[in-house]
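**Student:**
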């Protein structure tokens, strides 16, 4: 741990916090692009690995992707430059475990939201959202490609080599889930980011000759209103008009194009800055310590490095001022306080001269003629410009050795790290950071939650007591100027750092090409000089970096003395130094402290650790002996107790088994008795059966022999009188049992045969049912066909009758006409019916023969089918196959039916021809007329 590694610094801070019970701080500084952000992450990872275990350390590490996405951007010198300051205070429990954290941020560069230099990028989250948002979120937020937004395309830089913005967006959303930012809040955050991008696309149109404007109702304005949750009318009112109160009168002023554009940009910057602050608040809630606070903490400060560009604006002015303050803290701790402590404690010390930056800090902070005071004063004048501010600086500060006036709006400051020239363009506007009440009221009217929260926070921060009559509204003075607010935050930061034991990490930038393994000697040497590292090395070699009070030294190393003669801490400390042969030139004894050269306290620590290790070994052996003795005593007591318990358990089990044994004996006795009774009853029944059989046989043999019957009756009476005394021989009983078993086997065989016969009978019955169904179907089919033939015959008969009836009626009508004197017609009509009558009689005879044939055939087929059914069911005996005969009968029936139907059709054709021939007679016209007449009568 002696090498200057980040792990060594973090480990030293953690050990000193545990040992001294004093809060520690790790201050990381260096130029932009030197690696401060990565160094801070490495230190956090090391502390998390040593103090982890509760799970909170993982949440602390996951804050880095969120803060980098919303607070870092690509600059010309660094692809991941922090555009804000960050102090992470990690809290530890009494056991050295991480129990929470708190994050404080400083001076977010809001101007980067609306303006980027060529080759740089705005904040990472804009590009990550456009590249990695899922399709549903893109549709909901109406996202475009990055080159479609005015705020982003002005720098002509949309990507970073080796960085996947889509993957980084997924990493950010995962980190938000880990720090317990809900899905709804995440969607609200991305909606605000999208609203800021779309605000840059809101355009204006001139409505009069005085260059007054209104917003154009297009996709941009509609999207902004939807994302913020306000109406387009309210958005137009906030961006194109300004309400002022002068002498208790409300005045509405229309804005010009430049004023409206500034108002739009101010709203975008304010929304993004408020969103960043809200995210930090949500992270702090997730990492809050609460009741677990123990007062032990390690603070890691990652703040912007010293910056010097070709054109340096207000942001570089504040950043370099913060670096001057941190450099003074570094000098104060390592140079001033070091040497002042030597003098106050009365040790022999030759003061070392070093370069101080107090003059530069006085140039910034001196009142009333400091840079910050003059800037704040000039910002209060409504007619002040950047040029008047530059002239005022030259007028009042030209005599200062750290200040140098330049032409126009420029001036230069000689910082500790070098001289930087600043351009005052935009200084006053950025320092005022005005957001008019119209914009705040617009946010307050929004339906979404986040803009309302932003507006309420802005109103709470407003300081009405500082309102000035010439300001447009109270909202213009709602807070201190940016420079004074940043100065207050910086003083609070310094107070917090001075209450801790500092550990400094100076990051050195090896080259300006952002390439590995390349060291520019001049650049590295310049950074070592500017950050004071060479001075630190010089003072550390000649000074006493390790110091300890007499009481603490005696308490920590006093047990190493063999014989302590005095209890005075100073005497004990001197005795320790003499006992361990520390050379006088390697230490000095002050009034209250002991001062050691580099490496001397390490020897004492090694001796102390070895002694403590030996003591711990002796204590461990003694404690082991005690533990083993107590273990043996406890083992004996446990064995005794177990013996009593096991004996009692065994006795209870034995008594239970004894009761079960007795119950089993009683049960067995009763079962055996029941079995013996059942066996006796069965034998007696078998004997009775055998006796009855023998008696029956004897009776049949006697065949009416009365004497033998009497003898049997006398024998039976004797048996009844002395039945209990009859003894059945064993051989007889065995024979009887054998016969009984044989009879039972025979019965079982018969039962099986009966079962098989029953199954066959069931099969026959099923087949018979199937045959019956088939026969019924055949009968139904034959009946239908018979009915069809009968209907055909009946129709034929009716048609013949109907044909005869009209002819007879026609003859009667002809006779009536003949009686009226139409003799020629009537004589002709008498010939036709006479001839038609003979032909009809022949037709009727043919139909009668067909009907008789049909009746005979129907009867024959019905008798044959009935006979086959009887043969099939077994009611009649015949040496024929009923199935085959049934198929043959069906074939005969089908052939007869076909022949019979053909003859019926031929008969119908002949009859029709006869009817047509009669109609061709000379009187056909009259019969047709009378036919129609008769038809009308019948109908």
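Residue numbers (the numbering used here): 1 to 939. The beta-carbon is built from N, C-alpha and C at its ideal position, and this holds for glycine as well.
(1) Taking the Cβ atom as the reference point for each residue, do residue 318 and residue 486 lie within a distance shorter than 8 Å?
(2) Between the beta-carbon of residue 387 and the beta-carbon of residue 483, is there less than 8 Å?
(3) Would you call residue 198 buried or exposed, if buried means 16 or more other Cβ atoms sit within 10 Å of its Cβ?
(4) Looking only at its own chain, which residues have a Cβ that is under 8 Å from the Cβ of residue 287, when we skip the five neighbours before and after it?
(5) Indicate the three-state DSSP secondary structure (helix, strand or coil) for residue 481 in the structure shown.
(6) Using a 10 Å radius around the Cβ and a threshold of 16 neighbouring Cβ atoms, would you call residue 213 buried or exposed?
(7) Assuming residue 92 contacts residue 297 under a Cβ cut-off of 8 Å, what Cβ separation, rounded to an integer in Å, is found between them?
(8) For residue 480 and residue 434, I'd like the C-alpha separation in whole angstroms.
(9) Can you give the beta carbon distance from residue 176 to residue 66, rounded, assuming they're within the 8 Å contact cut?
(10) Can you list, in chain order, the residues of its chain with a C-beta nearer than 8 Å to that of residue 654? Leave out the 5 residues immediately preceding and following it.
(11) When the distance is taken between beta carbons, is residue 146 closer than 8 Å to residue 127?
(12) Let's test the definition: count the other Cβ atoms within 10 Å of the Cβ of residue 156 and tell me whether it reaches 16, buried, or not, exposed.
(13) Measuring only the C-alpha atoms, how far is residue 945 from residue 700?
(14) Just the Cα atoms here: how many angstroms apart are residue 871 and residue 882?
(15) Relative to the C-alpha of residue 301, which residue among 456, 130, 29 is closest?
(16) Between residue 281 and the rest of its own chain, which residues show a CB-CB distance below 7 Å, the 5 nearest in sequence each way excluded?
(17) Give the C-beta separation of residue 521 and residue 509 to the nearest angstrom, bearing in mind that I take them to be a contact with Cβ-Cβ under 8 Å.
(18) Ordered along the chain, which non-local residues of its own chain (more than five positions away) have a Cβ less than 7 Å from that of residue 231?
(19) Would you please state the rounded distance, in angstroms, between the beta carbons of residue 221 and residue 235? I believe it to be under 8 Å.
(20) So, using beta-carbon positions, are residue 327 and residue 357 closer together than 8 Å?
(21) Got a sec? Which residues, its chain only, sit under 7 Å from residue 50 by beta carbon, not counting five neighbours each side?
(22) Which residues does DSSP pair with residue 25 in a beta bridge?
(23) Return the CA-CA distance between residue 500 and residue 23, expressed in angstroms with no decimal places.
(24) Buried or exposed: where does residue 368 fall if 16 or more other Cβ atoms within 10 Å of its Cβ makes it buried?
(25) Mapping the DSSP letters down to three states, classify residue 144 as helix, strand or coil.
(26) Leaving out the 5 sequence neighbours to the left and right, which residues in its chain are closer than 6 Å to residue 262 when beta-carbon positions are compared?
(27) CA-CA distance, residue 548 and residue 517?
(28) Quick check: residue 254 and residue 240, are their CB atoms within less than 8 Å of each other?
(29) Counting beta carbon pairs with one atom in the stretch 443-463 and one in the stretch 338-353, are three or more of them shorter than 8 Å?
(30) Classify residue 580 as helix, strand or coil using the three-state DSSP reduction.
(31) Per DSSP, residue 422 forms a beta bridge with which residues?
(32) Can you tell me whether residue 559 is buried or exposed, with buried defined as 16 or more other CB within 10 angstroms of its CB?
(33) Would you list the one or two residues that DSSP bridges to residue 128?
(34) Does DSSP put residue 115 in a helix, in a strand, or in coil?
(35) Can you tell me whether residue 192 is buried or exposed? The criterion is at least 16 other CB atoms within 10 Å of its CB, across all chains shown.
(36) Select from 41, 760, 584 the residue whose C-alpha is nearest the C-alpha of residue 347.
**Tutor:** Looking at the coordinates:
(1) yes
(2) no
(3) buried
(4) 56, 59, 60, 63, 100, 101, 102, 103, 179
(5) coil
(6) buried
(7) 7 Å
(8) 10 Å
(9) 6 Å
(10) none
(11) yes
(12) exposed
(13) The chain is shown only over 1 to 939; residue 945 falls outside these bounds and no answer can be derived.
(14) 7 Å
(15) 29
(16) none
(17) That pair is no contact at about 13 Å.
(18) 225
(19) 6 Å
(20) yes
(21) 14
(22) 299, 502
(23) 5 Å
(24) exposed
(25) coil
(26) none
(27) 41 Å
(28) yes
(29) no
(30) coil
(31) 312, 411
(32) exposed
(33) Note: residue 128 sits in no beta bridge, so no partner.
(34) coil
(35) buried
(36) 584
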